[in-house]
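> Our numbering puts the first residue of the first sequence at 1172, with every later residue one more than the last. Even for Gly, the Cβ is constructed at its ideal location relative to N, Cα and C.
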Amino acid sequence: MIDPKILRQSAHDVAKNLARRGYKFDANLYLQLETQRKSLQVENEELKNKRNINSKSIGVTKSKNEDISKLIQIGEEINDLLSGNERELNLVLSQIKNIELDLPNLLSDKVPDGTSEKNNIVLKSWGKPREFGFMPQDHVSLGDRLGLFDFESAGRISGSRFAIIKGPLASLHRALIQFMLNLHTQEHDYEEIYAPYLVQSQALIGTSQLPKFESDLFKIAGDKPLYLIPTAEVPLTNLVGSNVAKESELPFKYVAHTPCFRSEAGSYGKDTKGLIRQHQFEKVELVQIVKPKESEEALSSLTSHAENVLQELQLPYQLVSLCAGDIGFGANITYDLEVWLPGQQAFREISSCSLYGDFQARRMQAKWKNEETGKNEFLHTINGSGLAAGRTLVAVMENYQDADGSIHIPEVLIPYMNGKELIN
RNA sequence: GGAGAGGUGGCAGAGUGGUCGAAUGCACUGGUCUUGAAAACCAGCAAGGGUUUGUAGCCCUUCGAGGGUUCGAAUCCCUCCCUCUCCGCCA
C-alpha cells in the first residue's frame, strides 16, 4: 500500500510514476473521493462529538435526579443524522480502500524504463559459460536418460507441471537445499525458520499477493479458507506483522526452506517441459526486515548472498535490473539473477531480489520504535530467493554434464552427497 | 473433539451501564536531594486517525476480533479467534 498521505498530496506524481509500469491510476477520481471523504469524516466526527457531550450530560443530569427525556430525544436525533452520514462515509471509504489495495508500489528512480523483459538491463555477468566439446543436452533429456525423472507418473498422479525425481538426483536436490541453508545461516548470519505452508488470507494481503492475484494461488476448501504459500516470503515477512519491533532487535534476517505452490494460471504454454515451471517446487528464501535508512544496503547485501550460492556452485550468471514494465506488483526495485543454462543456450531466472520499502509493512502493520523520534514507524522489507532449488538443480545438471550424459557433483556439494562425485 | 476458566496500557492487575482512555503497583523518562549512585519525594509516560503550516491545540476511534442492544458499553447480548487446566484422540 502506498502511503495515503503521499497519495493525497501528490496524486498526479504518483500517477506519473505508476504509468511507467503501464498502470493507469485515475488521480482525479481519487482526489474527488478524497474530498468527499474529508467532508463526510469531519461531519461524522462532529456528530459523534455532539453525541458524546450529550450522553455525558445525561449521566450528570440523571445523577441529580433531574428530567432527562429531552436529552435522550436529542441523542436520538443525532443518531439519525449519524446513520445517514455513516452509510455515505463507509461507501466512500471502501471505494478508496479498493483503489489503494489495487495500486502497485511506486518505482524507484533507479528502475529502468521499459515494457517487457526485453528492456531489462544486465548490470553484471559472472563466470564464463563452459565450452563443451559436444552438444550439451537440456536437463529433461539428461534426467530421462539417467532414468531419474518420471514426469509420466507425476502426470498420472498429480497432473501436468508436477515432477518426480528419483535416486541420486533427488539426493542432489536435497543436497542443494542443505548447502544453501548452511551457507546462509553460517556465513550470512540468517536465522533459520520453519514456517507453515498454509496461511490465511490476511497474511497474503500483507505481502500483497491478495486481493489481486488470487488466481495464482492454490486455495484449500474449508470453513476458513487457507492458501498454500506461493513462497516462504509470506510466512517469513508476516513474522513481523501487527508488531512494534525494538530498534535493538533490528535487522531481522530470516531464511527458510519451503515448498512453494503456484497455480500460475497465466503461464500455460510456457516451459511445459521439465522442472522450470512447476505447480510445486522447493525454494530457499531470504528475508530481511530493516530500518528504512538501511533498506537499499540490505537489498544489495541480500542479492550478494544469493549470488554467493551461484558462485560457490561455479554457475555462470548475470545480474539484471528489472525494467518498469517487468517488475512485480509490490516491489520498489528488483534485481533478478539469471543462471546460464547450456541446454537452452539462455540465461534463466533463478532468483528475484526485491525491495518493498514500506509497501508490505503498511499492509501488515509492521513497525519499529524509532528511538530518535520516539515514534512508531513502518519497517522496510526485502526478500529474494537464495535460491530456487528446482531451477538450481536444472542449472547444475546442464552445466556439469559430460558427453556420455553423466553429471558431475559440484565440489561444494560432494560432502552433502556422502562423497559421491558422479551421477551416471 | 468434550468440560471448565480466562483474554484490560511495556508487564502485573482493578474496574459489571454514565464525566473510564481506564485505579494501583512495577518498569521507563525528567526533576529535587546527593561528591556520585541508591532510596525517598515530585512530575511525566498507549496507539491509530481527522483537522491543521504544525512533533501546538481541538476532535474521533481503540479494553482479543467482528456484529448487536442503548441517548451512552471495558462492563449487557450474539458470532468468531486465542490462551490455560482436565478428559479423549493422535505422528
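Between Glu1247, Asn1199 and Ile1239, which has its C-alpha nearest arginine 1222's C-alpha?
Glu1247
> Between glycine 1561 and glutamine 1485, is the Cβ-Cβ spacing less than 8 Å?
No; because the gap between Cβ atoms is not below 8 Å, this pair is not in contact.
> Within the continuous beta strand (DSSP E) that includes threonine 1474, where are the two ends?
Taken as a continuous stretch (DSSP letters only), threonine 1474 belongs to no beta strand (DSSP E), being part of the alpha helix (DSSP H) at 1466 to 1483.
> Considering only C-alpha positions, which residue in the set Glu1569, Asn1541 and Ala1341 is nearest to valine 1415?
Nearest Cα to valine 1415 within the set Glu1569, Asn1541 and Ala1341: Asn1541.
> Whose CA, out of Lys1454, Asn1225, Gly1230 and Leu1204, lies closest to the CA of glutamine 1244?
Asn1225
> Just tell me which of Phe1549, Leu1319, Glu1288 and Pro1581 has its CA closest to the CA of glycine 1499.
Residue Glu1288 is the option with its Cα nearest to glycine 1499.
> Just to confirm before moving on: does the CB-CB distance between asparagine 1256 and glutamate 1205 stay below 8 Å?
no
> Considering asparagine 1290, what are the terminal residues of the alpha helix (DSSP H) in which it resides?
No alpha helix (DSSP H) holds asparagine 1290; DSSP gives it neither H nor E.
> Pull up the DSSP beta-bridge partners for cysteine 1524, would you.
Tyr1506 and Gly1555
> When we look at the beta-carbon of isoleucine 1578 and count the other beta-carbons within 10 Å, is it buried (16 or more) or exposed?
buried
> Return the first residue and the last residue of the alpha helix (DSSP H) that alanine 1416 is part of.
Premise fails: alanine 1416 lies in the beta strand (DSSP E), 1414 to 1416, not in any alpha helix (DSSP H).
> My assumption, with CB atoms under 8 Å, is that leucine 1593 sits in contact with isoleucine 1580. Please give the rounded CB distance.
Rounded, the Cβ-Cβ distance is 7 Å, consistent with contact.
> Using only the alpha-carbon positions, how far apart do serine 1471 and leucine 1253 sit?
52 Å
> Excluding the five sequence neighbours on either side, which residues of its own chain have a C-beta within less than 7 Å of the C-beta of leucine 1512, listed in chain order?
Arg1519, Val1565, Ala1566 and Glu1569
> Relative to the C-alpha of serine 1523, which candidate in His1476, Gly1514 and Ala1532 has its C-alpha closest?
His1476
> Please list, in chain order, all residues of the same chain as tyrosine 1201 whose beta carbon is under 8 Å from its beta carbon, the five residues on each side excluded.
Leu1178, Ala1182, Ile1267 and Ile1270
> To the nearest angstrom, how far is the alpha carbon of serine 1434 from that of glutamate 1217?
Going by C-alpha positions, serine 1434 is about 49 Å away from glutamate 1217.
> Give every residue of the same chain whose Cβ lies closer than 6 Å to the Cβ of arginine 1332, excluding the five residues on either side of it in the sequence, and list them in chain order.
Gln1449 and His1450
> Who are the Cβ neighbours of glutamine 1371 in its own chain at under 8 Å, not counting the five residues just before and after it?
Lys1395, Pro1396, Leu1397 and Tyr1398
> Verify whether the separation of the beta carbon atoms of leucine 1375 and isoleucine 1460 is less than 8 Å.
No, Cβ-Cβ distance for leucine 1375 and isoleucine 1460 is not below 8 Å.
> Tyrosine 1201 lies in the alpha helix (DSSP H); which residues open and close that run?
1198 to 1234
> Assuming lysine 1176 is part of the alpha helix (DSSP H), what are its boundary residues?
1175 to 1180
> Excluding the 5 residues preceding and the 5 following glycine 1514 in the sequence, name in chain order all residues of the same chain whose CB lies nearer than 7 Å to its CB.
Pro1307, Gln1308, Asp1309, His1310 and Glu1569
> With a CB to CB cut of under 7 Å and the five nearest residues on each side skipped, what residues in its chain are close to alanine 1325?
Phe1333, Ala1334 and Ile1335
> Using DSSP's beta-bridge definition, name the partner residues of phenylalanine 1320.
Residue pairing by DSSP puts phenylalanine 1320 in a beta bridge opposite Ile1336.
> Within the same chain, show all residues whose beta-carbon is closer than 7 Å to that of lysine 1281, passing over the 5 residues directly before and after it, in chain order.
Ile1504
> If distances are taken between C-alpha atoms only, which option among Gln1516, Met1588 and Asp1497 comes closest to asparagine 1290?
Closest option to asparagine 1290, Cα to Cα, is Asp1497.
> Flag this pair as yes or no: are the beta carbons of phenylalanine 1432 and proline 1401 separated by less than 8 Å?
yes
> What residue range is occupied by the uninterrupted alpha helix (DSSP H) comprising glutamate 1404?
1404 to 1409
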